[in-house]
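Line order of the protein sequences matches chains S and H. Taken in order, the first sequence gives residues 0 to 130; the numbers are from numbering that gives the first Met the number 0. Taken in order, the second sequence gives residues 0 to 130; the numbers are from numbering that gives the first Met the number 0. Quick reminder that beta carbons are idealized off the backbone N, C-alpha and C, glycines included.
2 protein chains.
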Amino acid sequence: MDAVPLGLTEPLDFDSDVPVYEQISNRIKFAIARQAYRPDTRLPSVRSLARNLVVNPNTIVRVYRDLEQEELIYSKRGVGVFVSPQADQRCRLDRLVIVEEKLREALEVARRANLNDKELEELWQRLRLQS
Amino acid sequence: MDAVPLGLTEPLDFDSDVPVYEQISNRIKFAIARQAYRPDTRLPSVRSLARNLVVNPNTIVRVYRDLEQEELIYSKRGVGVFVSPQADQRCRLDRLVIVEEKLREALEVARRANLNDKELEELWQRLRLQS
DNA sequence: GTCGCTGTTCTATAACACTAGAACAGTAAC
DNA sequence: GTTACTGTTCTAGTGTTATAGAACAGCGAC
Chain S
0 MDAVPLGLTE PLDFDSDVPV YEQISNRIKF AIARQAYRPD TRLPSVRSLA RNLVVNPNTI
60 VRVYRDLEQE ELIYSKRGVG VFVSPQADQR CRLDRLVIVE EKLREALEVA RRANLNDKEL
120 EELWQRLRLQ S
Chain H
0 MDAVPLGLTE PLDFDSDVPV YEQISNRIKF AIARQAYRPD TRLPSVRSLA RNLVVNPNTI
60 VRVYRDLEQE ELIYSKRGVG VFVSPQADQR CRLDRLVIVE EKLREALEVA RRANLNDKEL
120 EELWQRLRLQ S
């Protein structure tokens, strides 16, 4: 029984510079933020999520360990891992920080590339409409 | 004599997920694009650029090797490395592709984060005004 | 020729991300 | 008890990025 819902299992980008464990971590935070997983409900097991993402279980272990260190989840050996109380609020904050960081990086590159305001705004609007 | 001008020597971001050699490579492309280095003029030597960027010479070797493979530069042993003819045109194209790629990544994360149009646009405008 | 610069090519080392596989331990259902 | 899941911990190996250091070869000025 491993129906892992809600966009957690879309294929990862293994060619990305962003480490796989970070992509997974972000997805879980985003899922908690939109309350796809409510406080005190179970997240997918280490092995089932690893299977669904076609990733080594150890990678999921690392993700869950990190999230537990941030106190966003807690785990019960033999039972599963669960969303912490108030995790949703903190994930909603994290969510903005994560997107902001990516946008900052893009803007920094644009600045270095010497794009002027008009070029940048045109590019932005074009890409926005595509997605 | 190693006055390397024109933003090639600003400190790198060693904490970035983007590899150092890629950051350097992009900077050189941007510099060529804005004709800070004209076709058939010399780029900084391997060792001087390495010194200025506080990076191992082998890292610069890799950057120059990659750029030469793209035929954006050519090297003369014992003399230096030089900008290829028409490299500036191709770098101006590359420049847009590089920025577009970063913006796409940011938009993809924003989509996953479930940001709505209003939140995204507000964030964008806020960050734009900061820089 | 020497000297001092150029690019080029090695090997070795280390850190990090990720895989592979095994083993151990706790829980729940039967 | 057994079975089948849970999380946890460990060792080993791979590929990539980057550093460190040495050596070789070409060019130009003296």
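Just verifying my parser: in three-state terms, what is the DSSP assignment at residue i?
i                 : result
Ala112 of chain S : coil
Glu9 of chain H   : coil
Gln129 of chain S : helix
Gln88 of chain S  : helix
Glu121 of chain S : helix
Asp1 of chain H   : Its pLDDT being 45, under 50, Asp1 of chain H is placed unreliably in this model, and the value from its coordinates should be taken loosely. Note: Asp1 of chain H maps to coil in three-state DSSP.
Using CA atoms only, rank isn't needed, just tell me which of the options is closest to residue i.
i                 : options                                   : result
Ile23 of chain H  : H:Asp14, H:Pro38 and H:Leu7               : H:Leu7
Val78 of chain S  : S:Leu42, S:Glu9 and S:Arg125              : S:Leu42
Val45 of chain H  : H:Val80, H:Arg91, H:Asn113 and H:Leu119   : H:Val80
Ile97 of chain S  : S:Arg110, S:Val53, S:Phe13 and S:Arg26    : S:Arg26
Thr40 of chain H  : H:Leu92, H:Ser130, H:Lys75 and H:Glu107   : H:Lys75
Glu9 of chain S   : S:Tyr36, S:Val54, S:Pro38 and S:Ala32     : S:Val54
Asp93 of chain H  : H:Ala32, H:Gln85, H:Asp16 and H:Leu106    : H:Ala32
Asp87 of chain H  : H:Arg50, H:Glu100 and H:Ile72             : H:Ile72
Glu69 of chain H  : H:Arg127, H:Gln124 and H:Arg89            : H:Arg89
Glu99 of chain S  : H:Tyr63, H:Pro84, H:Arg50 and H:Ala112    : H:Ala112
Tyr36 of chain H  : H:Gln85, H:Arg127 and H:Leu119            : H:Gln85
Val19 of chain S  : S:Val82, S:Pro38 and S:Ala49              : S:Ala49
Arg125 of chain S : H:Arg127, H:Gln129, H:Leu122 and H:Leu106 : H:Leu106
Val62 of chain H  : H:Arg91, H:Lys28, H:Pro38 and H:Ser83     : H:Lys28
Pro138 of chain H : H:Asp65, H:Ser83 and H:Leu52              : Residue 138 of chain H is absent from the structure shown; chain H starts at 0 and stops at 130.
Val60 of chain S  : S:Arg91, S:Glu21, S:Leu102 and S:Leu114   : S:Glu21
Gln34 of chain H  : H:Leu52, H:Glu118 and H:Arg91             : H:Arg91
Asp12 of chain S  : H:Leu119, H:Asp116 and H:Glu104           : H:Glu104
Leu114 of chain H : S:Ala30, S:Ser15 and S:Leu119             : S:Ala30
### In chain order, each beta strand (DSSP E) run of at least 3 residues that lies wholly inside the region 13-81 of chain S
Segments of the beta strand (DSSP E) lying fully in the region 13-81 of chain S: 72-75.
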